[in-house]
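Numbering (the working numbering), first residue to last: 440 to 814. Idealized CB from N, CA, C, for every residue including glycine. Report on the following structure.
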């Protein structure tokens, strides 16, 4: 309340002082009156707005310094960024993956999909075979223990995946080849063992009940008679073990072969350069700071320019007011001089007429009246 009431009073006092000063300078008639009025009004304006003007100037200088520093840093970051590649090749087995790969052909595509079908077939066959063995042995049934049965059936896929992971972890090419051929050899040997074990019991398994009864004698000396219960269990164990090893190793070998085929034809792997990524993030951050600093600089320059323009307008108004007052006073003085000149001319004319009247001694009443008026 007090601030709002004091602001108009200060403006009124400043206006009164302004007008009184201009009139005083105009009355004195100083030669440097314009400079005095200009200096007075400049001081009066700075007295009221000098703090804001200086604040805008300091803010402008500070923003200019910050902007120069940010632009210098931004130029450095851009120069470093121009020397870096956005993407770099991925290291494959310790070497940059920069070699172009061959396009896929019909043979490689066919072998790739045949290997995939073989892996799926082996795993599905193994799962069903384990399920059949579990049901046949009576250890676990899907009806009584479905979760445990599924876990048992998942042994073959998990085993094949583990063998494949072991090959992926090897970095030496020679070790990888030895690993692959070892898996392939174990798988093929297991297949041969499985076929041989199954073939040894196939004649007995293929006989019907009637044929088996008819072949029985009191002194049975056939080859099947020598197959005891322990021998049957041994052969059954060999079949199961050979089948499991064959499915695991052959699935892993086919998976390794698919990986090698894909490695021949896969596209060149490129990754984002971490140095480029860091520099690009710093560049964006500096650009945002430069934008904010430019806005602050524009605001400071705008405030400074506004006050300077107000000062120029105020000084120009004071000069025009002084020139107006000086012109009015010159006009008044000139009018007074003209009036005095006319009065002096009239008096001189009357005095001259009176002098001529006395010299001529004209007894004219008008002449006497003029003489009396002159006296």
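(message) Tell me which residues share the same chain as residue 753 and place their Cβ nearer than 7 angstroms to its Cβ, disregarding the 5 neighbours each side in the sequence.
(response) 480 and 484
Please classify residue 515 as buried or exposed, where buried requires at least 16 neighbouring CB atoms within 10 angstroms.
exposed
Next item on the list: For the segment 721 to 735 and the segment 546 to 556, state whether three or more C-beta atom pairs, one from each stretch, are separated by less than 8 angstroms.
Entry: no
Answer yes or no: the CB of residue 728 versus the heavy atoms of the ligand FMN, is any distance below 7 angstroms? The model on display carries no ligand, and the ligand FMN is accordingly not part of it.
**Asked** Between 695, 636 and 713, which lies nearest to residue 680 when the distance is taken from Cα to Cα?
**Response** 636
Give me the residue from 634, 513, 678 and 690 with the minimum Cα distance to residue 623. 690
Worksheet item: What distance in whole Å lies between the Cβ atoms of residue 712 and residue 523, which are believed to be in contact at a cut-off of 8 angstroms?
Response: 6 angstroms
Worksheet entry | Terminal residues of the beta strand (DSSP E) in which residue 528 lies | 526 to 528
inquiry  = Quick check on the burial criterion: 16 or more other C-beta atoms within 10 angstroms. Buried or exposed for residue 526?
reply    = exposed
Residues sharing a beta bridge with residue 710, DSSP
527
- Whole-angstrom Cβ separation of residue 685 and residue 630, contact assumed at under 8 angstroms? 5 angstroms
Original post:
In three-state DSSP terms, what is residue 610?
Top reply: coil
Which of the three DSSP states is assigned to residue 813 in this structure? Reliability fails at residue 813, whose pLDDT of 44 lies under 50, so the model's placement of it is uncertain and no value is given.
message: Please tell me whether residue 704 and residue 599 are closer than 8 angstroms, where the distance is taken between their beta carbons.
response: no
- [ ] Look at the alpha carbon of residue 662 and the alpha carbon of residue 639, and state the distance between them as a whole number of angstroms.
- [x] In this prediction, residue 662 scores a pLDDT of 48, lower than 50, which makes its location untrustworthy; no coordinate-derived value is stated.
Among 785, 716, 725 and 563, which has the Cα closest to the Cα of residue 886?
Outside the shown range of the chain (440 to 814) lies residue 886, about which nothing can therefore be said.
**Request:** For residue 614, count neighbouring Cβ atoms within 10 angstroms of its own Cβ and tell me buried if that reaches 16, exposed if not.
**Result:** exposed
Practice task
Could you say which of 742, 759 and 727 lies nearest to residue 509 if we only look at CA atoms?
Solution key: 727
Grab me the residues of residue 714's own chain with a C-beta within less than 8 angstroms of its C-beta, minus the 5 sequence neighbours each way, in chain order.
523
Worksheet item: Below 8 angstroms between beta carbons: does that hold for residue 488 and residue 746?
Response: yes
message: Just to confirm, is the Cβ distance from residue 619 to residue 674 under 8 angstroms?
response: no
Applying the 10 Å Cβ sphere with the 16-neighbour rule, what's the burial state of residue 659?
Any reading at residue 659 is ruled out, since the residue's pLDDT is 48, under 50, leaving its predicted position unreliable.
Around the Cβ of residue 776, are there at least 16 other Cβ atoms within 10 angstroms (buried) or fewer (exposed)?
exposed
Secondary structure of residue 540, DSSP reduced to three states: coil
Tell me the rounded alpha-carbon separation between residue 611 and residue 561.
29 angstroms
Measuring alpha carbon to alpha carbon, tell me which residue in 482, 475, 495 and 473 is nearest residue 750.
482
Among the residues of its own chain, which have a CB less than 6 angstroms from the CB of residue 596, if the five just before and after it don't count? 562
Does DSSP put residue 593 in a helix, in a strand, or in coil?
coil
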